[in-house]
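Same order as they appear, the protein sequences are chains G and L.
Each step along the first sequence adds one to the number in UniProt numbering, with nothing skipped, and position 53 is 53.
Each step along the second sequence adds one to the number in UniProt numbering, with nothing skipped, and position 131 is 131.
Reading through the C-alpha cells given below for one structure.
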Amino acid sequence: MPVIEVDNLSKIFGKRSKEALSLLDEGLSKDEILKKTGCTVGVNRAKFQVEAGEVFVIMGLSGSGKSTLVRLLNRLINPTAGDVYVHDDNLSTMNKEELRRVRREKMSMVFQKFGLFPFRTVLENTVFGMEVQGMDKEEREKKATEALELVGLGSFIHQYPSQLSGGMQQRVGLARALANDPEILLMDEAFSALDPLIRKDMQDELMDLQEKMQKTIIFITHDLDEALRIGDRIALMKDGSIVQIGTPEEILMNPANDYVEKFVEDVDRSKVLTAENIMLRPETVDFDKHGPRVALERMREQGLSSIYVIDRTRQLKGYVNANDVLEARNNQITSLKEIIRDDMPTVEKETPIQEIFDVIHDSPVPVAVTEEGKLRGIIIKGTLIAALANVNGNGVEDNA
Amino acid sequence: MLDFIPSLPIASWVDDAVKWVTNTFEFFFDPVKDNFGWLLDISAEYLSMIPPVIVILLVAVLAFFMSGKKLGLAVFSIIGLLFIENQELWSELMYTFTLVLYSSLLAVVIGIPVGILMSKSNTAESIIRPILDFMQTMPAFVYLIPAVAFFGIGMVPGVFASFIFATPPVVRFTNLGIRQVSTELVEASDAFGATGQQKLFKVELPMAKPTIMAGVNQTIMLSLSMVVIASMIGASGLGRDVLSALQRAEAGAGFVAGFAIVILAIIIDRLTQNFNKSNQ
Ligand SMILES: Nc1ncnc2c1ncn2[C@@H]1O[C@H](COP(=O)(O)OP(=O)(O)O)[C@@H](O)[C@H]1O
Ligand SMILES: [Mg+2]
C-alpha cells in the first residue's frame, strides 16, 4: 500500500483559476493558458504513488513546478483540484486542526536555504517541531540531541546557525526534520545551495541515514546526477506536468519523449562529467605560514608521499615531496619555498574527465583542479578510473 | 468661478461630530481625565521627589551597560542632566519625561497589535494605511482641539495629542517587520505544524523585533517632539518654559529650556537604539 498517493492534482496561480482549469482539461498548454487567462499553471494533473521506504525524486528545470508540487503534499499550498492521500487520509478535505496533526506527526520538511531560525541555537532550532506540539522540554531536548548526534553535530548544539558552514546548517535542517521521527521527509532542493564537494558528502550521508531509517522521502532536485545517485524512482517534470516516472535505469534507457531524452543526453557521462564532479578534497600546506615540520606532520597523518602547496589566498604554488621535506628539515631549512616543485599536472574545474586521463597516467602526484589559479580539489587515478568504468558500463548495456 | 457649488459646511460638520463624540462618550472621557490625570501627576511628582543625584547615577549606569560598557553616553548623560539640574529645570524635566513615557507606552501598547493586524490582513492594511498617513501629515496643532474638547486642559490631552501624532511609526514598522520575514521561515513554521499564534510569537515577532524596535525609537522621538505643542494646552514640563519664553520674548530662557529638551532627546534616542542592538 502506498504511503502517499497523488491523484489528478493541479495548482493554478491567479484569479481566474477555475476557468484556467477547464482550459487545461481541454488540452491547452501552459503558455496558452497564461496568455488567455493570466494564470500560471504550477502543477498540471499530477498522478503518482510513493511506497513506504522509497526515495522518490522529482526532477525538472527551474520553473517546472517542483516546489509547488512538494508544497501541495503538505498543503503549504492549497490545490486547485485533485487529492493527496497520506495512507488513507485525504489531505484536501482536512480542516486546519487535522492538517496540523499530519504535519506534526507524519511529515516534515527540509528547505533549500535551510529555513533555520537565526535567533535560535542549533538545539532550539531542532526542537521546534516538538515544541509546537507541546512535548515537554526535557524529552524534546533529548530527542533533538539524538538527532543532532545522528548528523554529526553533537558538539555544536549551543551555536547559532550563522556560526556554521552551509553544509552544517543543512545538517541542522535535516536533524530538525528527523527529530520527531516522522514517516515522510519532504526535501525541496535540500542540497542545491551547497558546494559540489559538500553536496556529495551530504548525498552520501543521506543515503547512509536512509539505510538505517527507511523513511519515505520525496526529494526535489534540478540536477540529474543527484537524482540518479539517490533516487529509487524519478519523476520528470516539465511545465507543471509529470512527463515520465521510472527507475534511474528506465529513465536512462527509455526516455519517454524528446524532453527526457535531452535531459538524459546531458548525462552522457564521459562528455559531461568534469573534473569538478570527481575531485576530492585536497590536503595542503600554506607556504606563507607553514614550514617543513607542518608539511611532514600532515603527510604522515594522511599517509601521503607529497602534498600541495598554496599561499594565503589558496593560489596553487606547487607541491613538495616527502624526501625533499625530510632533507630540508634535517638541514634546518625553514621555508618550503626552496624545495617546491611545479611539474604537477593541472586542469580546470570544467575540464572533461576524458582529457584528464591524458595528463594523469605518468604523473607522480595527483592532478590539481584549479579555478582562477586557486586549488579547488585533486583527482587521483582511482576515482578517475572508477568514473570511466561507469561510463563504459552504461555503454555496454546501451549496445545490448 | 465655481460659484455654482455652494461652499460645503465641512468645518461645521466636524464641529458637530466632535461635539457629539464629546457628549456621547462623556461617561468615558470624564473618568479617564480624572484617573489618568491623577496617575500622570502622581508619577511626575514621585519622580521629582527622587534626589537628582540618584536619578543621574542610575541613568549613567544604565547608559554604560546598554552601550556595551562604553563611557561616552554615560558621561554625556551625567553632564547633560547636571546642566538641567543646575538650571533649576529638574521638576520640569520629570514632567516632560512622564508625558513622553506615557504617550509612548500607550502608542506601543496599541500600535504593535494594530501593526500585527495590518500585517495579517491585506484588507486591514488598505484601511489602516491611509489613516496613518492622515495622522502623520495633519499638522500636530490640529489634534489639540479635539483633545481639549474631550479631556479639558492639562497633561491628559497632551498625552492624547502626542499619542495620536506618535503612534504611526510603531504601527508601520511592526507591519513591515512581520511582512519581511522570509517565506521560507514562515513555511518552516507552518510545515512543522505551528498554530497561527505559535508562528506569531515564536517566529514572526522575534524576526521582526529589530524593525519593531526601530519603530518604537521613532515613536518616542515623535512624542518628545510634541512636548512644546502639548504645553499650549496646559501640559506641564520643559515645553511650558519654552512657550512662556516665546510669549515674553526671552531668548535666553527659551534657549536653556530648548537645550534641556535636546539633552533628553539624545539620551532617550541613544538608549533605545542600544536596546535594539543588544537584543539582536
Ligand atoms: N505564488 C505564486 N504565484 C504565482 N505563480 C507562482 C507562484 N509560485 C510559483 N509560481 C509559478 O509556478 C511555476 C512553478 O514554480 P515552482 O514550483 O517554484 O518551480 P520549480 O520549483 O520547479 O522551480 C513557475 O512558473 C512559477 O512562476
Ligand atoms: Mg523550486
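Note that CB positions come from ideal geometry on N, CA and C, so glycine has one too.
Query raised in the report: Cβ of G82 (chain G) versus every heavy atom of ligand 1: is any distance shorter than 7 Å?
Result: no
Query raised in the report: What residues from chain G crowd round L81 (chain L), counting only those whose CB sits closer than 7 Å?
Result: The contacting residues do not exist; L81 (chain L) stays about 35 Å from chain G at best.
Requested in this report: State yes or no: is the beta carbon of A194 (chain L) nearer than 8 Å to at least one beta carbon in chain G?
Outcome: yes
Requested in this report: Measure the C-alpha to C-alpha separation of V325 (chain G) and R293 (chain G) and round it to an integer number of angstroms.
Outcome: 8 Å
Report task. Measure the C-alpha to C-alpha separation of S155 (chain G) and T216 (chain G) and round it to an integer number of angstroms. Result -> Inter-residue distance for S155 (chain G) and T216 (chain G) is about 28 Å (C-alpha atoms, whole angstroms).
Requested in this report: Determine the chain L residues that contact L76 (chain G) at a beta-carbon separation under 7 Å, and present them in chain order.
Outcome: Within chain L, the residues near L76 (chain G) are E187, D190 and A191.
Report task. Mind checking the region 98-109 of chain G against chain L and listing, in chain order, the residues whose C-beta falls within less than 7 Å of any C-beta there? Result -> R100, R103, R104, S108 and M109
Requested in this report: Taking C-beta pairs closer than 7 Å, name the residues in chain G that E184 (chain L) reaches, listed in chain order.
Outcome: One finds F111, K113 and G115 in chain G with Cβ atoms closer than 7 Å to the Cβ of E184 (chain L), taken in chain order.
Requested in this report: Starting from P206 (chain L), find everything on chain G with Cβ-Cβ shorter than 7 Å and list it in chain order.
Outcome: Residues of chain G passing the Cβ test: F119.
Query raised in the report: Among all the DSSP beta bridges, which residues are the ones paired with D30 (chain L)?
Result: Paired residues: none, contrary to the question.
Query raised in the report: Listing by chain order, which chain L residues have their CB less than 9 Å from the CB of V132 (chain G)?
Result: S189, F192, G193, A194, T195, Q198, K199 and K202
Report task. Closer than 6 Å by C-beta to S225 (chain L): which residues in its own chain qualify, once you throw out the five before and the five after it? Chain order, please. Result -> Excluding residues within five positions, none has a Cβ falling inside 6 Å.
**Report entry** Cβ neighbour criterion (16 or more within 10 Å) applied to A17 (chain L)
**Finding:** exposed
Requested in this report: Count the other C-beta atoms from every protein chain shown that fall within 10 angstroms of the C-beta of V14 (chain L), then say buried if there are 16 or more, exposed otherwise.
Outcome: Around the Cβ of V14 (chain L), a 10 Å sphere holds fewer than 16 other Cβ atoms; the residue is exposed.
Query - Proximity winner among G:I307, G:E327, G:D195 and G:I353, relative to P364 (chain G) (alpha-carbon distances) - result: G:I307
Requested in this report: Please list the residues of the region 207-223 of chain G that have a C-beta atom closer than 7 Å to any C-beta atom in chain L, keeping them in chain order.
Outcome: Result list empty, no residue passes.
Query raised in the report: Who does F219 (chain G) pair with in a DSSP beta bridge?
Result: In the DSSP assignment, F219 (chain G) is bridged to G:V57 and G:M187.
Query raised in the report: Does any heavy atom of ligand 1 sit closer than 7 Å to the C-beta of K238 (chain G)?
Result: no
Query raised in the report: To which residues of the same chain is Q302 (chain G) closer than 7 Å at the C-beta, ignoring the five residues directly before and after it?
Result: E283
Query - Contact under 8 Å by Cβ, L186 (chain G) with M107 (chain G) - result: yes
Query raised in the report: DSSP state of N44 (chain G), grouped into three classes?
Result: strand
Query raised in the report: Leaving out five residues before and five after residue 283 (chain L) in sequence, what residues of the same chain have Cβ atoms less than 8 Å from its Cβ?
Result: The structure shown does not extend to residue 283 (chain L), since chain L spans only 1 to 280, so no value can be given for it.
Query - Assigned exposure category for R104 (chain G) - 16 Cβ within 10 Å defines buried - result: buried
Query raised in the report: Listed in chain order, which residues are found with a beta carbon closer than 6 Å to a heavy atom of ligand 1?
Result: Every residue with a CB closer than 6 Å to a heavy atom of ligand 1 is listed here in chain order: G:F13, G:T40, G:G42, G:G60, G:S62, G:G63, G:S64, G:G65, G:K66, G:S67 and G:T68.
Query raised in the report: Considering only residues of the same chain and omitting the five flanking positions on each side of I131 (chain L), which have a CB-CB separation below 8 Å?
Result: none
Report task. Assuming G63 (chain G) contacts F111 (chain G) (C-beta within less than 8 Å), just tell me the rounded distance between them. Result -> Wrong, their Cβ atoms sit about 18 Å apart, outside the cutoff.
Requested in this report: State the beta-bridge partners of Q159 (chain G) as determined by DSSP.
Outcome: According to DSSP, which records beta bridges pairwise, Q159 (chain G) is partnered with nothing at all.
Report task. Taking G129 (chain G) as the query, report the chain L residues whose CB atoms sit under 8 Å from its CB, ordered along the chain. Result -> F192 and G193
Requested in this report: Spatial neighbours of V216 (chain L) within its chain, please: CB distance less than 7 Å, with the 5 preceding and 5 following residues excluded, ordered by chain position.
Outcome: The residues V108, V170 and T272, in chain order, have a CB closer than 7 Å to that of V216 (chain L) in the same chain once the five nearest residues on each side in sequence are set aside.
Query raised in the report: Mind checking whether the beta-carbon of D201 (chain G) lies closer than 7 Å to any heavy atom of ligand 2?
Result: No, since every heavy atom of ligand 2 falls outside the 7 Å radius drawn around the Cβ of D201 (chain G).
**Report entry** Proximity test, Cβ basis, 8 Å: G393 (chain G) and chain L
**Finding:** For G393 (chain G), the pLDDT reaches just 43, beneath the cut-off of 50, and the residue's location in the model is therefore unreliable, although a value from the coordinates is still provided. No, G393 (chain G) does not count as interfacial toward chain L.
Query raised in the report: So, helix, strand or coil for F13 (chain G), using DSSP?
Result: strand
Requested in this report: Take S162 (chain G) and list the residues in its own chain whose beta-carbon comes closer than 7 Å to its own, dropping the five residues that flank it on each side.
Outcome: P118
Requested in this report: Have a look at E124 (chain G) and G152 (chain G) and give me their C-alpha separation to the nearest angstrom.
Outcome: One C-alpha to the other measures close to 17 Å.
Query raised in the report: When every heavy atom of ligand 2 is checked, does at least one fall within less than 7 Å of the C-beta of E226 (chain G)?
Result: no
Report task. Would you check if the distance between the CB atom of S104 (chain L) and the CB atom of T219 (chain L) is smaller than 8 Å? Result -> yes
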